[in-house]
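Peer 1: 111 is the number of the first residue of the sequence shown in this note's numbering; add one for each residue after it.
All residues carry an ideal CB built from backbone N, CA and C; glycine is no exception.
Got a structure for you, written out below as structure tokens; questions coming shortly.
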Amino acid sequence: MSTKVAVVTGSNKGIGLSIVRALCKQYQGDVYLTARDTGRGQEAVESLSSEGLKAMFHQLDINDLNSITTAAAFFKDKYGGVDVLINNAGIAFKGADTTAFAIQAEVTLKTNFFATRDMLTHFLPIVKAGGRVVNVSSFVGARTLNQCSPDHQQRFRSEDITEEELVGMMQQFVDEAKRGEHKKGGWPDTAYGMSKTGLTTLSMIHARQLSKERPNDGILLNACCPGWVRTDMAGPKAPKSPDEGAITPVYLALLPPGATEPHGKFVSDKEVQPW
Ligand code: NAP
Numbered sequence: 111m112s113t114k115v116a117v118v119t120g121s122n123k124g125i126g127l128s129i130v131r132a133l134c135k136q137y138q139g140d141v142y143l144t145a146r147d148t149g150r151g152q153e154a155v156e157s158l159s160s161e162g163l164k165a166m167f168h169q170l171d172i173n174d175l176n177s178i179t180t181a182a183a184f185f186k187d188k189y190g191g192v193d194v195l196i197n198n199a200g201i202a203f204k205g206a207d208t209t210a211f212a213i214q215a216e217v218t219l220k221t222n223f224f225a226t227r228d229m230l231t232h233f234l235p236i237v238k239a240g241g242r243v244v245n246v247s248s249f250v251g252a253r254t255l256n257q258c259s260p261d262h263q264q265r266f267r268s269e270d271i272t273e274e275e276l277v278g279m280m281q282q283f284v285d286e287a288k289r290g291e292h293k294k295g296g297w298p299d300t301a302y303g304m305s306k307t308g309l310t311t312l313s314m315i316h317a318r319q320l321s322k323e324r325p326n327d328g329i330l331l332n333a334c335c336p337g338w339v340r341t342d343m344a345g346p347k348a349p350k351s352p353d354e355g356a357i358t359p360v361y362l363a364l365l366p367p368g369a370t371e372p373h374g375k376f377v378s379d380k381e382v383q384p385w
């Protein structure tokens with residue numbers, strides 16, 4: 111049997127690093143720590159090595175299409191595809207950051223939504239039968255959904271929203287934010303929240319597509335919230351350690367062979383959440 115492989119984006123620190131740590135202990139296969147910066151990535155691999163854990167490394171900047179396609183080609187060539195993909199890389203402006211909202215909207219959506227979508231565009235076709243895909247979203251995205259206009263909420267929740275329509279909505283949010291008109295357009299005042307509302311909705315769209323187009327492949331794809339976790343992003347006051355934040359993403363990544371659910375859900379503390 112060929113070696114199985116798990117890939118985690120943005121895993122040189124924070125929750126991503128803890129996901130890799132847990133997979134190194136629990137996953138029967140090669141585990142790839144990936145990072146946009148090779149130096150930071152290799153340092154993280156060495157820190158795990160000093161704990162007696164063996165992670166492999168591949169450079170992967172999700173904002174760089176060339177980096178995405180190079181990595182996808184590498185995994186296709188070496189492993190015939192990917193068994194587990196965890197899209198964890200993400201950014202957030204600090205609450206106190208005074209950067210104009212228009213820029214926060216564009217920059218945040220670029221990484222958390224559009225670049226994560228690029229990852230899925232290039233990696234979903236190489237996810238193998240029985241594969242598991244986990245998109246690290248946030249409870250903030252669920253809260254933000256409820257702050258959108260009723261029309262937008264209806265579209266985000268609908269079963270017939272297409273990827274193209276969703277991409278259009280996300281672009282509309284950014285464009286209206288740039289004109290200072292996003293509130294009038296029915297969008298709340300949170301770039302991070304909107305990026306995660308988009309990512310969770312995208313996960314649901316992709317799960318429906320997989321069920322339709324690859325019904326016999328048994329791939330399970332979900333979005334999740336790791337909880338509020340002490341990392342550089344969330345700060346020191348958060349209640350969960352990074353290892354605790356890794357629990358739900360890792361649970362979804364290791365759903366046993368033959369499992370049929372959850373699929374296309376938003377999951378927190380290992381429980382499917384309302385959307
Ligand atoms: P973090 O400590 O800031 O780590 C973020 C990771 O993403 C870093 O490794 C960072 O790399 C990487 N990254 C950023 N942009 C990237 C890019 N273009 N390509 C590749 N990697 C990139 O944050 P965290 O708290 O662990 O967050 C991990 C995920 O959990 C994010 O998606 C976040 O939105 C989500 N989340 C976090 C919390 C929380 O309470 N912490 C709650 C809900 C959801 P660099 O070191 O190079 O910057």
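Give the list of continuous alpha helix (DSSP H) stretches no shorter than 4 residues that lie fully inside the region 202–245.
Peer 2: List check, alpha helix (DSSP H) in window: 211–219 and 226–233.
Peer 1: Using alpha carbons as the reference points, say which of Ala317, Gln383, Leu163 and Gly190 lies closest to Leu230.
Peer 2: Of the listed residues, the one whose Cα sits closest to Leu230 is Ala317.
Peer 1: State whether the region 212–220 contacts the region 237–255, with contact taken as three or more CB pairs (one from each stretch) at a distance under 8 Å.
Peer 2: Because the criterion of three Cβ pairs below 8 Å is not met, the region 212–220 and the region 237–255 do not touch.
Peer 1: Does at least one heavy atom of the ligand NAP sit under 8 Å from the Cβ of Phe249?
Peer 2: Yes, the beta carbon of Phe249 sits closer than 8 Å to at least one heavy atom of the ligand NAP.
Peer 1: Is any heavy atom in the ligand NAP found nearer than 8 Å to the beta carbon of Asp171?
Peer 2: Yes, the ligand NAP has a heavy atom inside 8 Å of this Cβ.
Peer 1: Hey, is Lys347's beta-carbon within less than 9 Å of any beta-carbon in chain C?
Peer 2: No chain C appears in the structure shown, which is made up of a single protein chain.
Peer 1: Tell me which residue opens and which closes the beta strand (DSSP E) that Leu331 is part of.
Peer 2: Residues Leu330 to Cys335.
Peer 1: Run through the region 268–335 for me and flag every whole beta strand (DSSP E) of 3 or more residues, listed as ranges in chain order.
Peer 2: If we require 3 residues or more, the beta strand (DSSP E) runs fully inside the region 268–335 come out as 330–335.
Peer 1: Could you check which residue in Gly374, Thr218 and Ser128 has the C-alpha nearest to that of Glu269?
Peer 2: Measuring from the Cα of Glu269, the nearest candidate turns out to be Gly374.
Peer 1: Indicate the three-state DSSP secondary structure (helix, strand or coil) for Asp187 in the structure shown.
Peer 2: Three-state result, Asp187: helix.
Peer 1: Look at the Cβ atom of Thr311, then the Cβ atom of Cys334, and state whether they are nearer than 9 Å.
Peer 2: No, these two residues do not count as a Cβ contact at 9 Å.
Peer 1: Which term fits Lys306, buried or exposed, when burial requires 16 or more other beta carbons within 10 angstroms of its beta carbon?
Peer 2: Buried, because 16 or more other Cβ atoms sit within 10 Å of the Cβ of Lys306.
Peer 1: Write down every uninterrupted run of the alpha helix (DSSP H) in the region 126–206 whose length is 4 residues or greater and which is fully enclosed by it, in chain order.
Peer 2: Runs found: 148–159 and 175–189.
Peer 1: Using the Cα positions of Tyr137 and Thr272, report the straight-line distance between them to the nearest angstrom.
Peer 2: The alpha-carbon atoms of Tyr137 and Thr272 are separated by roughly 34 Å.
Peer 1: Does the contact criterion of 3 or more C-beta pairs under 8 Å hold for the region 125–142 versus the region 338–352?
Peer 2: With the cut-off at 8 Å, the region 125–142 and the region 338–352 touch.
Peer 1: Just to confirm, does Met166 get its C-beta within under 8 Å of one of the non-hydrogen atoms of the ligand ATP?
Peer 2: The ligand ATP is absent from the structure shown, which contains only the ligand NAP.
Peer 1: What residues match up with Glu430 in a beta bridge as DSSP calls it?
Peer 2: The displayed coordinates of the chain run from 111 to 385. Any statement about residue 430 would go beyond what the structure contains.
Peer 1: So Val400 packs on Val192, CB below 8 Å; how close in whole Å?
Peer 2: Residue coverage of the chain in this structure runs from 111 to 385, which leaves residue 400 outside it and unanswerable.
Peer 1: Give every residue of the same chain whose Cβ lies closer than 8 Å to the Cβ of Gln263, excluding the five residues on either side of it in the sequence, and list them in chain order.
Peer 2: Counting only Cβ-Cβ distances below 8 Å, and skipping sequence neighbours, we find Leu255 and Asn256.
Peer 1: Is the beta carbon of Asn176 within less than 8 Å of some heavy atom of the ligand NAP?
Peer 2: Not so, every heavy atom of the ligand NAP lies at least 8 Å from the Cβ.
Peer 1: Counting C-beta neighbours from all protein chains within 10 Å, is the total for Ala145 16 or more, i.e. buried, or is it exposed?
Peer 2: Answer is buried; the Cβ neighbour count reaches 16.
Peer 1: Going by CA-CA distance only, name the one from Tyr142, His168, Gly139 and Gly296 that's closest to Thr148.
Peer 2: Selected option, being the one with the closest Cα: His168.
Peer 1: Does the ligand NAP have even one heavy atom less than 8 Å from the beta-carbon of Tyr302?
Peer 2: Yes - the ligand NAP has a heavy atom lying nearer than 8 Å to the Cβ of Tyr302.
Peer 1: If we ignore side chains and look at the alpha-carbon of each, how far apart do Phe223 and Thr113 end up?
Peer 2: Their Cα atoms are separated by approximately 31 Å.
Peer 1: Compare the beta carbon distance of Ser121 and Asn173 with 9 Å and say whether it is the shorter of the two.
Peer 2: Not closer than 9 Å, so no.
Peer 1: Is it a yes or a no for the region 198–209 touching the region 152–160, going by three-plus beta-carbon pairs under 8 Å?
Peer 2: Counting Cβ pairs under 8 Å, fewer than three are found: no touch.
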